[in-house]
Structure formats: C-alpha cells, structure tokens
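In my numbering, the protein residues as written are 361 to 527.
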C-alpha cells in the first residue's frame with residue numbers, strides 16, 4: 361500500500377534516475393563527440409589496409425549501437441548503488457570512456473598508431489575488467505558490455521595490422 365509520504369520519495373528517485381541517465385548519455389556523448397573531432401581524413405585513406413578492414417560506413421552504425429549500450433550499462437550500474445558497492449566498477453567505467461575518446465585523437469589526430477595500440481589494449485582490459493566487476497552486481501550490465509569488448513578486440517587487431525602494414 362502506498363502512502364502519501366512514499367510518493368515524494370518515489371518522485372525524487374525517479375528524478376534522480378532520469379538525471380543520472382541524462383548524465384551517462386552526456387558522458388558517452390562527450391567521449392563520442394571528442395572522437396568525432398578527429399575523422400579518418402586523407403591520411404587514413406592513404407594507409408595500406410588489411411584484407412579484413414571493414415568499409416568506412418560500418419563504423420558509424422556499430423559505434424552508435426555500442427554507445428547506446430555503454431550509456432545504458434553505466435546507468436544500470438549506477439542504479440545498483442543501493443544494493444551493491446559500485447565505486448570501483450564506476451571508476452573503471454569512466455576510465456574506459458576516457459580511453460575510448462583518447463584513442464581517436466591518438467590514432468587519427470596524432471597519427472600515432474603504436475601509441476593508439478597501447479591505448480586500445482588498455483581500453484580492452486578496462487572493458488573486460490568492467491564486465492567481470494559488474495557480473496555479480498548486474499548481469500545485464502555485463503551482457504550489454506560484451507559486444508563492446510568484442511568490437512574493441514577486433515579494433516585492436518585492426519589497429520595492430522594497420523601499424524604493422526604502415527610502419
């Protein structure tokens with residue numbers, strides 16, 4: 361039975377949840393927008409590519425779906441804070457966002473494929489750590505992050521191949 365005293369508390373939780381979701385969407389959008397500042401350009405087009413390099417049009421839709429999952433996973437992790445310790449997983453979550461945004465700048469902005477490879481490998485480690493840390497808190501969070509881990513593993517191989525072919 362709901363009392364009138366419960367209603368403001370529920371409304372406050374709903375507002376906090378909505379603001380948190382907006383915050384996670386903004387954080388992920390910031391990482392994506394920073395990365396978007398450094399597009400492939402002529403430098404990338406001139407690189408020798410491995411046979412498994414996807415066409416450029418694939419990256420936009422894939423990253424859009426991944427960024428939606430990344431924002432949702434962070435929000436769901438944050439929502440679990442009342443029943444589980446989420447400090448370390450959220451720290452790793454934000455670290456992976458920074459590494460994600462930095463990779464594009466390092467690779468496309470600075471043209472430093474070797475350094476970008478280090479960044480993306482650490483990013484992959486952070487994503488896997490986040491999946492493991494989140495497993496007991498929310499399997500949904502872990503499952504949402506698994507395609508991201510798979511794509512970043514593929515992107516790591518692509519980064520390494522581009523570096524090897526163009527060193």
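C-beta: ideal position from N, C-alpha, C; glycine also. Computed from a predicted model, the values in this text were never measured in an experiment.
Need the endpoints of the alpha helix (DSSP H) that residue i sits in, please.
i	result
residue 454	447 to 464
residue 489	473 to 495
residue 498	Segment: none, residue 498 is in no alpha helix (DSSP H) and carries neither H nor E.
residue 419	419 to 439
residue 401	401 to 406
Determine the closest residue to residue i out of the options, with distance taken between C-alpha atoms.
i	options	result
residue 431	501, 440 and 418	501
residue 513	465, 460 and 448	460
residue 384	415, 439 and 511	439
residue 397	496, 482 and 469	469
residue 382	433, 517, 415 and 402	433
Contact defined as beta carbons within less than 8 Å: I believe residue i pairs with residue j. What is the distance between those atoms, to the nearest angstrom?
i	j	result
residue 437	residue 458	No, residue 437 and residue 458 are not in contact; Cβ-Cβ is about 16 Å, not under 8 Å.
residue 480	residue 508	Wrong, their Cβ atoms sit about 12 Å apart, outside the cutoff.
Helix, strand or coil: which one does DSSP assign to residue i?
i	result
residue 444	coil
residue 470	coil
residue 514	helix
residue 386	helix
residue 507	helix
residue 397	coil
residue 413	coil
residue 391	helix
residue 527	coil
Between the C-alpha atoms of residue i and residue j, what's the straight-line distance to the nearest angstrom?
i	j	result
residue 409	residue 445	44 Å
residue 429	residue 504	6 Å
residue 411	residue 421	21 Å
residue 453	residue 391	12 Å
Looking at the ligand ZN, does it come within less than 7 Å of residue i, judged from the CB to the closest heavy atom?
i	result
residue 413	In the structure on display, the ligand ZN does not appear, and there are no ligands present to speak of.
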